[in-house]
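Going by the numbering used here, the first residue of the first sequence is number 1015, and it counts up by one from there. Glycine included, each C-beta is placed from N, C-alpha and C at the ideal position. This one's a predicted model, so the numbers in the text were calculated from it and none came from an experiment. Read through the structure below, which is laid out as structure tokens, and then see the notes.
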Amino acid sequence: MPELAEVEFFRKRWDHAARGRRVTAVRLHPHAKIFRGTSPSTLRHALTGAVLESSDAAAKQMLFRFSDEIWLGVHLGMSGELRVEPAGCPAGRHDHLVLDTAKHALVFNDPRMFGRVLLHRGAEPPVWWTKIAPPILSAAFTPAAVREFLHRRGRAPIKAVLLMQERFPGIGNWMADEILWRAGIHPRTAAGSLTEAQSKTLWREARHVCRMALDTIAGRGRSLPRDLNVNIPDTWLFHHRWQPGGRCPRTGVLLERAEIGGRTTCWSPARQPAPPRAPRPRPAARS
DNA sequence: GTGCTTGTTGGCCA
DNA sequence: GTGGCCAACAAGCA
1015 MPELAEVEFF
1025 RKRWDHAARG
1035 RRVTAVRLHP
1045 HAKIFRGTSP
1055 STLRHALTGA
1065 VLESSDAAAK
1075 QMLFRFSDEI
1085 WLGVHLGMSG
1095 ELRVEPAGCP
1105 AGRHDHLVLD
1115 TAKHALVFND
1125 PRMFGRVLLH
1135 RGAEPPVWWT
1145 KIAPPILSAA
1155 FTPAAVREFL
1165 HRRGRAPIKA
1175 VLLMQERFPG
1185 IGNWMADEIL
1195 WRAGIHPRTA
1205 AGSLTEAQSK
1215 TLWREARHVC
1225 RMALDTIAGR
1235 GRSLPRDLNV
1245 NIPDTWLFHH
1255 RWQPGGRCPR
1265 TGVLLERAEI
1275 GGRTTCWSPA
1285 RQPAPPRAPR
1295 PRPAARS
């Protein structure tokens, strides 16, 4: 589930509950694979007694900064989520990491275990964090940068290109479909075949969807919606894309679905005309 | 039982 | 070396 805005939502959840508070105990699932390279004992030793000082989200990653130059990176993978429970709440089956504070338990839950937790020590944030591409809502995300990237990834379907984190950090499957739907671009269109105007539209809609999603899903400023997706309007593709028989909220036309770029993709044929078929390769000239 | 799933990575091939 | 595609990772749900 977690894309840009959901990640920010989860970050705020932990941050609001525990910023300035000390971790009194660390509970780890004995068989969790989300810790990857970090040994559970190292994690427990580092975090016990540490105070959460600040946190940040970028793309689909989160970084929680603790006292004593300890950093906890979190990626939620496909099915991860962060919860806040009352202190001492027993861990559930897929609760892989629980950080107890005096008031709350911060829980990392992930049934499919594609998520990961990374520990870092140092005065500076880890390299993997600083290497994340500049945010889509930053000044560095320019129409020219998008244009250049589409050209470089010219033969790939635009849907697959939007999922590439090196240029579109934080965009996942539903946001990519939402952007293309708003831009009126068919997801199978070869990235390199987009016109200058389409490329500019894509840039604009990518920023628009990011801003809208962040405001709606994660809340503005310090505010935090009571749950994910409760505020998403019915006018977005989001609510219609998964149902068989779902209809385009703008045209009422039946939505189509297919696997494009290896992912289930939904589009509105009325708004997103299919690209012309690629020309057949010419037969070799006879000698 | 089958067929799906909102992410990432590494290997293979052109 | 670069780019594109695909399987694998794992568990739950319909």
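Cβ contact annotation for F1252 (same chain, cutoff 7 angstroms, sequence separation greater than five): W1188, E1192 and I1246, in chain order.
Counting every other CB atom within 10 Å of its CB across the protein chains shown gives H1045 a total below 16, marking it as exposed. Within the stretch 1238 to 1278, the beta strand (DSSP E) runs of at least 3 residues that lie entirely inside it are, in chain order, 1270 to 1274. DSSP places L1042 in the uninterrupted beta strand (DSSP E) bounded by A1039 to L1042. About 6 angstroms separates the CB atoms of P1140 and W1085; that is less than 8 angstroms, so the two are in contact.
Annotation for R1079: the continuous beta strand (DSSP E) segment containing it runs Q1075 to F1080. The C-alpha of G1233 lies about 27 angstroms from the C-alpha of V1160. M1076 and I1172 have their C-alpha atoms spaced approximately 27 angstroms apart. Leaving aside the five residues that flank R1167 on each side, the residues in its chain whose CB is nearer than 6 angstroms to its CB run, in chain order, V1175 and A1205.
Here the alpha carbons of R1261 and V1267 stand approximately 5 angstroms from one another. Listed as beta-bridge partners of G1087 by DSSP are L1077 and L1132.
Pairing L1177 with A1032 gives a Cβ-Cβ distance that is not under 7 angstroms.
Assignment of L1096 by DSSP, reduced to helix, strand and coil, places it in the strand class. The stretch 1131 to 1146 makes contact with the stretch 1055 to 1062: 3 or more CB pairs, one atom from each, lie closer than 8 angstroms. Counted as a single uninterrupted DSSP element, the beta strand (DSSP E) harbouring A1119 occupies residues H1118 to N1123.
In this structure, DSSP gives S1207 a helical state, which the three-state scheme calls helix. By alpha-carbon distance to A1101, the top candidate from A1116, R1240 and P1287 is A1116. Look at L1113 here: in three-state DSSP terms it is strand. According to the DSSP assignment, A1072 belongs to the beta strand (DSSP E) that extends over L1066 to A1072. In the DSSP assignment, I1185 falls outside any alpha helix (DSSP H) and carries neither an H nor an E. By the neighbour-count definition (other C-beta atoms within 10 Å, threshold 16), A1072 is a buried residue. E1210 has its alpha-carbon roughly 11 angstroms from the corresponding atom of H1165. Around V1223, the same chain offers M1189, E1192, I1193 and R1196 as residues with beta carbons nearer than 8 angstroms, after the five sequence neighbours per side are excluded.
Secondary structure of P1171 (DSSP, three-state): strand.
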